[in-house]
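Visitor: Before I ask anything, let me first share the structure, which is written out below as structure tokens.
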Amino acid sequence: MITLEASDFRAVLPAGGRLLGLDVGTRTIGTALCDAGWSFASPAQLIRRSKFTRDKAALAELISTQAVKGLVIGLPLNLDGTDSPRTQSTRAFARNLDDIGLPILMWDERWSTVAVERTLIEQDFSRARRAEMIDNMAAAHILQAAIDRLVNA
Numbered sequence: 001m002i003t004l005e006a007s008d009f010r011a012v013l014p015a016g017g018r019l020l021g022l023d024v025g026t027r028t029i030g031t032a033l034c035d036a037g038w039s040f041a042s043p044a045q046l047i048r049r050s051k052f053t054r055d056k057a058a059l060a061e062l063i064s065t066q067a068v069k070g071l072v073i074g075l076p077l078n079l080d081g082t083d084s085p086r087t088q089s090t091r092a093f094a095r096n097l098d099d100i101g102l103p104i105l106m107w108d109e110r111w112s113t114v115a116v117e118r119t120l121i122e123q124d125f126s127r128a129r130r131a132e133m134i135d136n137m138a139a140a141h142i143l144q145a146a147i148d149r150l151v152n153a
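Taking this note's numbering, the leading residue of the sequence shown gets 1, the next gets one more, and so forth.
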């Protein structure tokens, strides 16, 4: 099941469980995990993109080892809310993960990278350090926003 609605996603996960957040880029996939009670999200491992089958295998391994019950994938909409080529690519990525058998929530991520970058700049991280951290931090930001909404859904 792939949905844009937090309430639909919440309905298929009545007991909660760990969620995996994804920030899907062209070169990397940032990942984040939350606790089973949906209190906090933390950055996890960065997956360097290669062939989709390898990307999917890396995600399946993470899902298995962390007992993940659902996926939250950042949806990179244009500022006016319309789709872009990157949005379409992310939707296709989600459809290709659908056979993993977990519910998938597509979450509006329009400002996630900007918010994370500002935070890292404020914390005086170098440009190089920001570049290596930003995708996982963005995934955590996306996942935290989603679980905040899910707790109140």
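The beta-carbon is built from N, C-alpha and C at its ideal position, and this holds for glycine as well.
Is DSSP giving M106 helix, strand or coil here?
Guide: strand
Visitor: Distance check for L150 and A11, CA to CA, integer angstroms please.
Guide: As the crow flies, the alpha-carbon of A11 is around 10 Å from that of L150.
Visitor: Roughly how many whole angstroms lie between the Cα atoms of G25 and L79?
Guide: 18 Å
Visitor: Only counting the same chain, and skipping five residues up and downstream in sequence, which positions put a Cβ closer than 6 Å to that of Q144?
Guide: Same-chain partners within the cutoff: A41.
Visitor: Which ranges does the beta strand (DSSP E) cover as unbroken runs of at least 3 residues, wholly within the segment 40-90, from first to last along the chain?
Guide: Entirely contained in the segment 40-90, the beta strand (DSSP E) runs reaching 3 residues are, in chain order, 41-48 and 68-75.
Visitor: State buried or exposed for I100, treating a residue as buried only when at least 16 other CB atoms are found within 10 Å of its CB.
Guide: exposed
Visitor: Rounded to whole angstroms, what's the CA-CA distance from R91 to L75? Just pull it up for me.
Guide: 8 Å
Visitor: Do the segment 28-36 and the segment 49-69 meet, that is, are 3 or more Cβ pairs less than 8 Å apart?
Guide: yes
Visitor: For L13 and V72, which I take to be in contact (beta-carbon distance under 8 Å), what is that distance rounded to the nearest angstrom?
Guide: About 11 Å separates the two Cβ atoms, so there is no contact after all.
Visitor: Taking A197 as part of the alpha helix (DSSP H), name the residues at either end of that continuous run.
Guide: No information on residue 197 is available, as it lies outside the stretch 1 to 153 that the chain covers here.
Visitor: What three-state label does DSSP hand L4 in the structure shown?
Guide: coil
Visitor: How many Å lie between I142 and L22 at the Cα?
Guide: 8 Å
Visitor: I need the boundaries of the beta strand (DSSP E) containing R18, first residue and last residue.
Guide: R18 to V24
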